[in-house]
Each structure stands twice: as structure tokens, then as C-alpha cells.
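Visitor: For the sequence shown, the numbering used here assigns the number 854 to the initial residue and increments by one for each residue that follows.
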Amino acid sequence: MAEFAQSDTASAQLGTLYIVATPIGNIEDISARAIRVLKEVDLICAEDTRHSQRLMQHYQIGTPMMSLHEHNEMGRIEQVSALVKQAKNIALISDAGTPLISDPGFKLVREIRKQGFRISPIPGPSAIITALSVAGLATDSFSFWGFLPAKSSGRKQVFTDLSQHKETLVFYESSHRILDCLKDLKEIMGDRELVIARELTKTFETVLSGTASSLIEKVAGDLDQQKGEFVLMVSGAEDKVVEIDLATEKLMLALLEELPPNKAAKIAAQVSGVKKKALYQWALDHKG
Ligand code: SAM
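1) Give me the Cβ distance between L870 and I946, rounded to the nearest whole Å; I'm assuming they're in contact under 8 Å.
2) Would the stretch 1084-1094 and the stretch 951-969 be scored as touching if the rule is three or more Cβ pairs under 8 Å?
3) Hey, how far is the Cα of K1119 from the Cα of M1086?
4) In terms of alpha-carbon separation, which member of H911, R1045, H904 and T1021 lies closest to K892?
5) Buried or exposed: which applies to R1051, given that a residue is buried once 16 or more other Cβ atoms fall within 10 Å of its Cβ?
6) Quick one: is the Cβ of K1054 within less than 7 Å of any heavy atom of the ligand SAM?
7) With H, G and I counted as helix, E and B as strand and the rest as coil, what does DSSP make of E964?
8) Closest to R1030 by CA distance: which of G1081, A1100, S996 and S1016 is it?
9) Identify, in the order they occur along the chain, each residue of the same chain with its Cβ nearer than 6 Å to the Cβ of I843, setting aside the five sequence neighbours on each side.
10) In three-state DSSP terms, what is A1107?
11) What did DSSP end up calling R907 once you bin it into helix, strand or coil?
12) Report buried or exposed for S1027, applying the criterion of at least 16 other Cβ atoms within 10 angstroms of its Cβ.
13) Just to confirm the assignment, what range does the beta strand (DSSP E) spanning S973 have?
14) Indicate whether L1001 and C1034 have their beta-carbon atoms separated by less than 8 Å.
15) Quick one: complete beta strand (DSSP E) runs, 3+ long, within the stretch 1039-1096?
16) Indicate, with yes or no, if the ligand SAM has a heavy atom lying under 7 Å from the CB of Y1025.
17) According to DSSP, simplified to helix, strand and coil, what is A991?
18) Answer yes or no: the CB of D956 versus the heavy atoms of the ligand SAM, is any distance below 7 Å?
19) Given a threshold of 16 other Cβ atoms within 10 Å of its Cβ, counted over all protein chains shown, does P1113 qualify as buried or as exposed?
20) Could you pull the start and end residues of the alpha helix (DSSP H) that I930 belongs to?
21) From A887 to T875, what does the alpha carbon distance come to, in whole angstroms?
22) So L985 and V1023 are supposed to be a Cβ contact under 8 Å. How far apart are they, rounded?
23) Which residues share a DSSP beta bridge with A944?
24) Look up V890 in the DSSP assignment and give the residues it is bridged to.
25) Just the C-alpha distance for L1076 and K1140, rounded to the nearest angstrom, thanks.
26) Less than 8 Å between the CB atoms is what I'm expecting for G878 and T1054, so what's the real figure, rounded?
27) For the ligand SAM, is there any heavy atom lying closer than 7 Å to the beta carbon of F995?
28) If I measure Cβ to Cβ from K1128 and keep anything under 8 Å in the same chain, skipping five residues before and after, which residues do I get?
29) When DSSP labels each residue in this structure, what does T983 get in the three-state scheme?
30) Here's the rule: buried if 16 or more other CB atoms are within 10 angstroms of the residue's CB, otherwise exposed. What is L921?
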């Protein structure tokens, strides 16, 4: 049930660090609460203060900003911690989406949490969830692997490591590598079902789905499909169907006359070389 808070930043003895999600493209995709918090806090730490100017101007947010990016994050931790101690409220934003998701902020949040200060999330867009919500791939379980390595050998290693995972796999990819990445993926994982979500919430939003081969053809044949920001989603590995030959089936039936399924499966596995797990499942499927 929704709750309506009047103010998140009411005065307290210690300040709070707010982790605020901002749009991933469309400037309207920001919550009313995020705008209010950005107006109310004493300081906004932004990945790139110039980049975030547009958002600040659009929503008339006049709060002072300070940069916090991967190269100065360690140094900023002390400053933020000192300010929170002085009851100042701070917001952290990144260039797009939810901070810390393939963006700076992890070290800051970890340290501020360790020091016992309050950290509060202001949720909003993230490219991963936005992409999964329209992909039509299984979302009951998925894993996110951030950016793929820039080199083909590194990408192939990642695909090899993940090729047996059964859950949907989600990656971030940049425009100049998307085609090579699809080719590497096909080489290692075969003709899996894929979805590429490009430029989500922006003018040229495109969601392409199909096998690796069909998407390679589409992306190679249309330079526009190689531009912008991408989320690549890969359907999980399917369970391999284990073939059980007639002789093994007969053996299983005979053993099941005398033994419980797990013992029958163990003996039949030793005789036939078929995996015990598959034989046990066969026994359960053929009960009675
Ligand atoms: N923190 C962000 C989030 O919550 O999604 C992600 C930041 S990460 C540095 C940027 C990458 O996210 C892009 O290279 C792209 O892979 C993905 N991304 C961000 N915005 C996107 C969009 N509008 N459409 C598709 N992918 C996007």
C-alpha cells in the first residue's frame, strides 16, 4: 500500500545519504519524491555535474552539486561522512538510472553504512529492469553481469563461463561493440533466443528479439541498430533431454519390481552409464 511522506529530509541530529534514481533517457521518468529530495538536500553528489545540469534546470533544482565519480570516489567519502555528521543531507545521483548499478557509489555506500549513518533509497529507473519488463524472456530468475569485456577473448570467456546457466542473462553493451558481441555470443552459446533493448525511453527506442543468427543479420544490415545504448538479454540454457535406451528402460522396470527408485537408479546407472539423476527422474515419471 502506498504511503505518503510529507518530508524525507526533516531535521535530525545526523544527516542522511539518499541514493536517488534519475531517468535513463526520457526526462519525465523521475519520481515526484526524487525531485523533492533533490530540492531539499544540502548537497547533490553527481557523477558528472555538467551532465546533470539539464535535469536540474528542467526541474528547477537549485541545490549545490559536487562531482563524485570513479576517479575521486575514495576522496569524497571523508567529505560526505563529515557533512552527514553535521546533520547535512546528501543525495547521490549518477548520469542515468540507479546509482551503483554499473555506476559509481559502491565504495561510498559501503563506507557510510559501515560508519552507521542512515542511507535511504529513492527508487526509480534502471536499464536492467526496464529492459526485462518488455523482453518477453523468463524473469522468474535472471542474473546481471554488467558490461561485457571490450576484447573478444574476454567476452568469449564470459559466455563460456555462463553457457550452462539456466536463468536469463542480462548484460550492458556499448554501441561500437554490439555486432562483434553478438557474433561471439553465437559462436560460444549457439543460436539462443536473444533480446536487444536499445535506447530505451528515448526517441529511437527499439527492442529486437530473435535467435542470435537473425539478430546478427538485422543489426549488421542496419547501421542505426548499432548506435546508442544497449541492454542484451540472453535466454538461459535449456535442460538437456537425456536419452534412455530401451535396454536401460527394461532394466529399470525389472529393478523397480524389487527396489525403491533411488537404488534402482543407482544400479542401472552403473550398468548403463546413464546419469543416476536422469534414471531416478525416469522412475518417478513412470511410477505405477
Ligand atoms: N545506472 C544505470 C542503470 O541503472 O541502468 C546504468 C549505467 S551504465 C554506466 C550505462 C549502460 O546502461 C549503457 O551503456 C547501457 O548498456 C545501459 N543503458 C543505460 N540507459 C539505457 C537506455 N536508455 N537504453 C538501453 N540501455 C541503457
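For every residue, glycine included, the Cβ atom is placed at its ideal position computed from N, Cα and C.
Note that this is a predicted model, so its numbers are computed, not measured.
Guide: According to the structure shown:
1) Going by Cβ atoms, the distance from L870 to I946 rounds to 12 Å, so no, they are not a contact pair.
2) no
3) 39 Å
4) H911
5) buried
6) Per the sequence presented here, residue 1054 reads as Thr, with Lys not at that position. Correct: T1054 has its Cβ closer than 7 Å to the ligand SAM.
7) helix
8) G1081
9) Because the chain is modelled from 854 through 1141, residue 843 falls outside the range shown and cannot be assessed.
10) helix
11) helix
12) exposed
13) R971 to I975
14) yes
15) 1046-1051, 1059-1064 and 1082-1087
16) yes
17) coil
18) yes
19) exposed
20) E926 to K938
21) 8 Å
22) 7 Å
23) Y871 and I897
24) According to DSSP, which records beta bridges pairwise, V890 is partnered with nothing at all.
25) 56 Å
26) 4 Å
27) no
28) V1095 and A1122
29) helix
30) buried
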